[in-house]
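Below you'll find the structure, written out as structure tokens, and then a few comments.
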Amino acid sequence: MMQFEPRDFHTSTPRKGAENRAYPTLNQKRYPEQNPKFSENLKPEKKENRSTLTCYGCGKPGYIKAKCPSCTPREKSSANSITLYTCHASASPTALLDIRIGDIHGRVYADTGATRSIAGELMFNSLRERGVDFQKMKVTMALADGSRTTMEAYTAPVSIDIEGRTVPIEMLALPKAKGNQTLLGTDFLEKSGIVLDLKNKRWYFSDKPHHKICFKEDLDVNLLQAAVSIIANSCHLREDEGTPLTPEQREKMSYLLEKFDSIFKPGGDPTPYAEHHINTEKHPPVSEPPYRMTPMKKELLRKEIEDLLEKDVIEECESAYGAPVVFILKPEGKTRLCIDYRKLNEITVPDSYPLPRMDDLLQSAKHTTFMSTIDLKSGYHQINVHPADRDKIAFVCPFGTFLFKRMPFGLRNAPATFQRLMDMFCRNLPAMTYLDDIIVLSPTFDQHLLDLETVFLKLKDYKLRANSSKCHFACSSVKYLGLWISHVELTSTLIKYQRFRKFHLLEM
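Residue numbers 1 to 508, in full-length UniProt numbering, belong to the letters of the sequence shown in order.
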């Protein structure tokens, strides 16, 4: 019978050579300092082997940027110390507001990253031309990247008008920052009580939280590249216009446009010289349910309705009438809100007032050296609808029922109402018109100035406003009713296209 020698399982003898291995025992894992070989491995590297520490902001040795005294913004305690988000258009802030300083109207950025309000180059020059006394001073700027710089600046007290509220503010100007933008800083936002809702692209006064105002449309890309965000005049002579003019003539034309700057301003009351009526006799109300819309179109509709409500063009209502909403794609890629008034038009008594024949207009358009075209801004919306007929033009949409206070597009007799107004407007004027397109033609420059001034005076009297972006002044050739008119010939891109298309169809 085999006998086993008893062993103590609670003790173990390490194998030969195990004590020289680098692997730790259980206790050495828990307490590594007991293992001399592991202690050697845990020794830190010598400082001589490390690269020299430098601040990546300014390059100062021995500091990281977060603790570098040169790059860390100091506490803002000095009265002439300002903090700016940026002075250039590349920042692309989203909050665009319309303001007025005296007779200067402009669209500026509200910048929560700037502690002080800054007058851009164009605003600064415009204020100085109007006698605003700027005092010279030195300011230290702390920019968003932590760097600081001292530069020459000017400051002056101004009063900024925004949505019927006047806010006195000390405005800074940086003359060496060429082409910089006008910014409304936190000093203005706090003093005026303006609250920015960046998510919904709206703003409101803190004491009127229910009256929300949408941010204005972004500036033109070319204008942003030029880094000018304040528009002193609503209309001016563009570089591609007035090609036959001398510098002296261009100056005279620019002066005339500045003199009648008010007719190019948006908003304002409707004209008192016309009112639209809708005669449905005794026909009962007609209505249709709203059309289906994609989420994208719903969002476009919501913004459009908010804009029309703000401009006092529409209002909410309860009505037995109701027409659905449709969106029309405009040539420049934008959308236009239209109402499907076909059922209402079927029961409307027609107004047989004639529109001008385009061939007669073009026959009368003498080929002269100086030509200007004036396009009215949302012309239909400048005419009131008679209060008794507003109920009939109600429209329905996912956001409720609304009616137009001003004349909308799509009504049966709207062109007749508008053309009747324009024919009355053009009586005894050196101009011709087809709906909202006005053309002025003159044989000499001096006569053209007189003709334009006569037209501008009557526009002001009729309270009609023009769309500056679609107006062209003192040109040698203009596009009118789809045709190019010059002092030597009359051409049509449409006719050329039709001839080209017919030629290729015959070839096939």
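For each residue, glycine too, the CB sits at the ideal point set by N, CA and C.
Using a threshold of 8 Å, state whether the C-beta atoms of E315 and I383 are closer than that. Sequence index remark: in the sequence shown, residue 315 carries index 315 (1-based). Sequence index remark: in the sequence shown, residue 383 carries index 383 (1-based). Their beta carbons are not under 8 Å apart, which means E315 does not touch I383 by this criterion.
So, at 7 Å on beta carbons, what are the nonlocal neighbours of C397 in its own chain, with the 5 sequence-adjacent residues on each side left out? Counting from 1 along the sequence shown, the entry for residue 397 is found at position 397. Counting only Cβ-Cβ distances below 7 Å, and skipping sequence neighbours, we find P290, L301, V325.
Residues bridged to G400 (per DSSP): If you number the sequence shown from 1, residue 400 lands on position 400. Bridge partners of G400: C397.
Looking at the strands, I want to know which residues DSSP matches up with M171. By 1-based counting over the sequence shown, the position of residue 171 is 171. Its beta-bridge partners are A156.
Do you know offhand how far E293's Cα is from F215's? Sequence index remark: in the sequence shown, residue 293 carries index 293 (1-based). Sequence index remark: in the sequence shown, residue 215 carries index 215 (1-based). Reading the sequence as shown, one finds Met at residue 293 and not Glu. In a straight line, the C-alpha of M293 is about 24 Å away from that of F215.
Using only the alpha-carbon positions, how far apart do D351 and L429 sit? Reading the sequence shown from its first residue, position 351 is the one you call residue 351. Reading the sequence shown from its first residue, position 429 is the one you call residue 429. In a straight line, the C-alpha of D351 is about 25 Å away from that of L429.
Please state if the CB of N279 and the CB of T166 are separated by a distance shorter than 8 Å. Sequence index remark: in the sequence shown, residue 166 carries index 166 (1-based). Sequence index remark: in the sequence shown, residue 279 carries index 279 (1-based). Not in contact: T166 and N279 (Cβ atoms no closer than 8 Å).
Which residue wins for smallest C-alpha separation from T155, given the options D103, K176, A119, R130? Taking the sequence shown and counting its residues from 1, the one referred to as residue 155 is at position 155. The residue with the shortest Cα to Cα distance from T155 is A119.
For D446, which residues from the same chain have a beta carbon less than 7 Å from its beta carbon, with the 5 sequence-adjacent residues on both sides left out? Indexing the sequence shown from 1 puts residue 446 at position 446. Same-chain partners within the cutoff: there are none.
For a quick check, are the C-beta atoms of F370 and H448 less than 8 Å apart? As a first step, residue 370 must be located in the sequence shown, where it is residue number 370. As a first step, residue 448 must be located in the sequence shown, where it is residue number 448. For F370 and H448, yes; Cβs fall inside 8 Å.
If distances are taken between C-alpha atoms only, which option among D307, S469, D312, G113 comes closest to P270? Locating residue 270 in the sequence shown gives position 270, counting from the first residue. Among D307, S469, D312, G113, the Cα nearest to that of P270 belongs to D312.
Taking the Cβ atom as the reference point for each residue, do R130 and G102 lie within a distance shorter than 8 Å? On the sequence shown, residue 130 is found 130 positions in, with the first residue counted as 1. On the sequence shown, residue 102 is found 102 positions in, with the first residue counted as 1. A contact, by the Cβ cut-off of 8 Å.
Identify, in the order they occur along the chain, each residue of the same chain with its Cβ nearer than 7 Å to the Cβ of Y462, setting aside the five sequence neighbours on each side. As a first step, residue 462 is located in the sequence shown; it is residue number 462 there, counting from the start. Only T271, Y273, F425 meet the Cβ criterion.
Quick one: measure Cβ to Cβ for E288 and L337, integer angstroms, because I've assumed they're closer than 8 Å. Taking the first residue of the sequence shown as position 1, residue 288 is located at position 288. Taking the first residue of the sequence shown as position 1, residue 337 is located at position 337. Between the beta-carbon of E288 and that of L337 there is about 16 Å, and that puts the pair past the 8 Å contact cut.
Cα separation between A388 and N125? Against the sequence shown, residue 388 aligns to sequence position 388. Against the sequence shown, residue 125 aligns to sequence position 125. About 50 Å.
So if DSSP puts N384 in a beta bridge, which residue, or which two residues, is it bridged to? For the purposes of this step, residue 384 is identified with residue 384 of the sequence shown, where counting begins at 1. Secondary-structure assignment with DSSP links N384 through a beta bridge to E275, R406.
Chain-order list of residues whose beta-carbon lies under 7 Å from that of K298 (same chain, five-residue window excluded): On the sequence shown, residue 298 is found 298 positions in, with the first residue counted as 1. For K298, where only same-chain residues beyond five positions count, the Cβ hits under 7 Å are P398.
Which one of E310, H386, P295, V158 has the shortest CA to CA distance from F134? The residue labelled residue 134 in the question sits at position 134 within the sequence shown. Taking only the C-alpha atoms, the option nearest F134 is V158.
Can you tell me which of S254, L172, R116, L441 puts its alpha carbon nearest to the alpha carbon of V132? Working through the sequence shown from its first residue, we reach residue 132 at position 132. Ranking the options by Cα distance to V132, first place goes to L172.
Could you tell me the distance, in whole angstroms, from the CA atom of D436 to the CA atom of K138? As a working note, residue 436 is residue 436 in the sequence shown. As a working note, residue 138 is residue 138 in the sequence shown. Distance between the alpha carbons of D436 and K138: 52 Å.
Could you pull out every residue in the same chain whose Cβ sits closer than 7 Å to the Cβ of G267, ignoring the five residues on either side in sequence? Here residue 267 corresponds to residue number 267 of the sequence shown, with the count starting at 1. Only K311 meet the Cβ criterion.
Just confirm the distance between the C-beta atoms of C317 and T401, as a whole number of angstroms; I'd bet it's less than 8 Å. The sequence position of residue 317 within the sequence shown is 317, counting from 1. The sequence position of residue 401 within the sequence shown is 401, counting from 1. The Cβ separation is near 6 Å, so the contact holds.
Decide if E170 is buried, meaning its Cβ has at least 16 other Cβ atoms within 10 Å, or exposed. Taking the first residue of the sequence shown as 1, we reach residue 170 at position 170. E170 should be labelled exposed.
Determine the closest residue to K405 out of L344, E248, A394, with distance taken between C-alpha atoms. Sequence index remark: in the sequence shown, residue 405 carries index 405 (1-based). Answer by Cα proximity: A394.
Taking 6 Å as the limit between beta carbons, can you name the residues of its chain near A95, skipping five residues before and five after? Reading the sequence shown from its first residue, position 95 is the one you call residue 95. Excluding positions up to five away in sequence, the list reads A110, L196, F215.
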